[in-house]
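S.K.: Before I ask anything, let me first share the structure, which is written out below as structure tokens.
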Ligand code: DX5
Ligand code: ZN
């Protein structure tokens, strides 16, 4: 399975988002956009207009770290041009309804779980989604340390779903990417490992090389 690299613009220069995206565009597969509401996680990030204003041919992979995503976030980021919207199983009341809301907008739907949440929590829904996002740090901040215990969830899920897009997010760098890919992840988010390096092409090349694929 080919891996897809999704640089997280949480670690990019917020005042120059367009330029930052242009620097990764030729080498990346998706733009990972972290939306935080100050409730599900303490920080608040990216307004819909900031995302709408990013002009790129890469799909926008919107990760909603928000409580009650069905309230307005899904409509707002759909309008801002999301190609895929991922919600957290811990954050919504009716998961099926929320997935349907995303799909009715003709957008791909992803479902995510935090490190402490067992895979069993989302197994009833994996037939309904286009992607599962396994968090490998507790969400909220870039630059945290990878939690290897989550790899077991990826292994189990990959066995159950050989073709599903499985995304991993948090603490991915040259030292951790291979474990993630070996476990079965094929969509790889990286924030600080890409945007904290001056040469973004080199950073992405190094990640692909270290993945062993
Ligand atoms: C964490 C976010 C991540 C974050 C990853 O809450 O969901 O997408 O930007 O950053 P790194 O790759 O630095 O861990
Ligand atoms: Zn994310």
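Numbering (the numbering used here), first residue to last: 3 to 215.
Backbone N, C-alpha and C define an ideal beta-carbon position, used for all residues, glycine too.
Taking contact to mean 3 or more Cβ pairs, one atom from each stretch, closer than 8 Å, check whether the region 57-72 and the region 83-94 are in contact.
M.R.: Verdict: yes, contact present.
S.K.: If I'm right that residue 206 touches residue 26 with Cβ under 8 Å, what's the distance once you round it to whole angstroms?
M.R.: As a working mapping, residue 206 is identified with position 204 in the chain shown. As a working mapping, residue 26 is identified with position 24 in the chain shown. 7 Å between Cβ atoms; contact.
S.K.: Between the region 159-166 and the region 117-134, do three or more beta carbon pairs fall short of 8 Å?
M.R.: Touching, yes.
S.K.: To the nearest angstrom, how far is it from the Cα of residue 69 to the Cα of residue 48?
M.R.: As a position in the chain shown, residue 69 is number 67, starting the count at 1. As a position in the chain shown, residue 48 is number 46, starting the count at 1. Their backbone Cα atoms lie some 16 Å apart in a straight line.
S.K.: What span of residues does the alpha helix (DSSP H) with residue 51 cover, start to end?
M.R.: Translated into the one-based positions of the chain shown, residue 51 becomes position 49. Taken as a continuous stretch (DSSP letters only), the alpha helix (DSSP H) holding residue 51 covers 50-54.
S.K.: Using a threshold of 8 Å, state whether the C-beta atoms of residue 188 and residue 59 are closer than that.
M.R.: In the chain shown, the residue the question calls residue 188 occupies position 186. In the chain shown, the residue the question calls residue 59 occupies position 57. Not a contact, by the Cβ cut-off of 8 Å.
S.K.: Report the partner residues of residue 111 according to the DSSP bridge assignment.
M.R.: As a first step, residue 111 must be located in the chain shown, where it is residue number 109. Bridge partners of residue 111: 87.
S.K.: Within the same chain, show all residues whose beta-carbon is closer than 8 Å to that of residue 1, passing over the 5 residues directly before and after it, in chain order.
M.R.: Past the edges of the chain, shown from 3 to 215, lies residue 1, and the structure says nothing about it.
S.K.: Let me confirm a value: residue 114 is counted as buried when at least 16 other C-beta atoms fall within 10 Å, else exposed. Which label applies?
M.R.: Within the chain shown, the letter at position 112 stands for residue 114. That one is buried.
S.K.: Just checking residue 90 against the ligand ZN - is the residue's beta carbon closer than 7 Å to any of the ligand's heavy atoms?
M.R.: Taking the chain shown and counting its residues from 1, the one referred to as residue 90 is at position 88. No, the beta carbon of residue 90 sits no closer than 7 Å to any heavy atom of the ligand ZN.
S.K.: To the nearest angstrom, how far is it from the Cα of residue 93 to the Cα of residue 41?
M.R.: Position 91 of the chain shown, counted from the start, is the residue given in the question as residue 93. Position 39 of the chain shown, counted from the start, is the residue given in the question as residue 41. Computed Cα separation, rounded: 10 Å.
S.K.: Here's the rule I'm using: 16 or more other beta-carbon atoms within 10 Å means buried, otherwise exposed. How should residue 169 be labelled?
M.R.: Looking up residue 169 in the chain shown gives position 167. By the neighbour-count rule (16 or more Cβ atoms within 10 Å), residue 169 is buried.
S.K.: Note down the Cα distance separating residue 179 from residue 144, rounded to an integer number of angstroms.
M.R.: Position 177 of the chain shown, counting from 1, holds the residue named residue 179. Position 142 of the chain shown, counting from 1, holds the residue named residue 144. Spanning the two alpha carbons is a distance of roughly 16 Å.
S.K.: With distance defined between alpha-carbon atoms, name the residue in 75, 46, 4 nearest to residue 12.
M.R.: Your numbering for residue 12 matches position 10 in the chain shown. Looking at the Cα atoms, 46 is the closest of the given residues.
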